[in-house]
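Student: The structure that follows is given in the form of structure tokens.
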Amino acid sequence: MYFEWKDAYEMGLEEVDKQHQKLFQIGRKLSVLIQTTDVLTDYENINNILDELKDYTLEHFSREEQFMKDHGYPDLASHAMEHGFLRKKLLRLDKMEQHNHKTIVRLVSFVSSWISEHILITDMKIRNYLLEVKPEVRD
139 MYFEWKDAYE MGLEEVDKQH QKLFQIGRKL SVLIQTTDVL TDYENINNIL
189 DELKDYTLEH FSREEQFMKD HGYPDLASHA MEHGFLRKKL LRLDKMEQHN
239 HKTIVRLVSF VSSWISEHIL ITDMKIRNYL LEVKPEVRD
């Protein structure tokens, strides 16, 4: 199942954790829909949730980058480059003429895996930095 929230994703940074949880909620809604309906019969609803996921992911990246900047995170440029990779993929959705079930399932799988790995590896570096340098920022 895609977009399954795990305690391991908790960073202990309330603002960031809430945003991550919302990403998973939107993604989970999409995941359930693509597993229970035919893309052709519910295309509009699936497309709306895809747009919601894309828009919120882009918003989250901007907010997370500002958070890192505000706290002097030294690896901001590299982190933002990772965000840039997924931004480009998500923005290409607008250019796709027609989605089919297989394409959407692959996309949801890719985004779910990418976000999960990004949180567990790259975002946790933010947490570790803040624990060392600015422990007062943590919950």
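If you're matching positions, the sequence shown starts at 139 in the working numbering and goes up one per residue. Using N, Cα and C, we set each Cβ at its ideal position, and we do this for glycine too. Model, not experiment: these values are computed from the prediction.
Look at the Cβ atom of ARG166, then the Cβ atom of PHE141, and state whether they are nearer than 7 Å.
Tutor: Yes, the Cβ-Cβ distance between ARG166 and PHE141 is below 7 Å.
Student: Decide if PHE248 is buried, meaning its Cβ has at least 16 other Cβ atoms within 10 Å, or exposed.
Tutor: Classification for PHE248: exposed.
Student: Please return the same chain residues whose Cβ sits closer than 8 Å to the Cβ of ASP180, not counting the five positions on each side in sequence.
Tutor: If we look at ASP180 and ignore the five residues flanking it on each side, its Cβ neighbours are LEU171.
Student: Is the segment 258–275 close to the segment 205–224, with three or more CB pairs under 8 Å?
Tutor: The segment 258–275, when compared against the segment 205–224, does touch it at the 8 Å Cβ threshold.
Student: Run through the segment 174–261 for me and flag every whole beta strand (DSSP E) of 3 or more residues, listed as ranges in chain order.
Tutor: DSSP runs (the beta strand (DSSP E)) wholly in the segment 174–261: none.
Student: Where does LEU151 sit, in a helix, a strand or coil, going by DSSP?
Tutor: Reduced to three states, the DSSP call for LEU151 is coil.
Student: Could you tell me if ILE259 is buried or exposed, where buried requires 16 or more neighbouring beta carbons within 10 angstroms of its beta carbon?
Tutor: By the 10 Å Cβ count, ILE259 comes out exposed.
Student: Three-state secondary structure (DSSP) at PHE162?
Tutor: If DSSP states are grouped into helix, strand and coil, PHE162 belongs with the helices.
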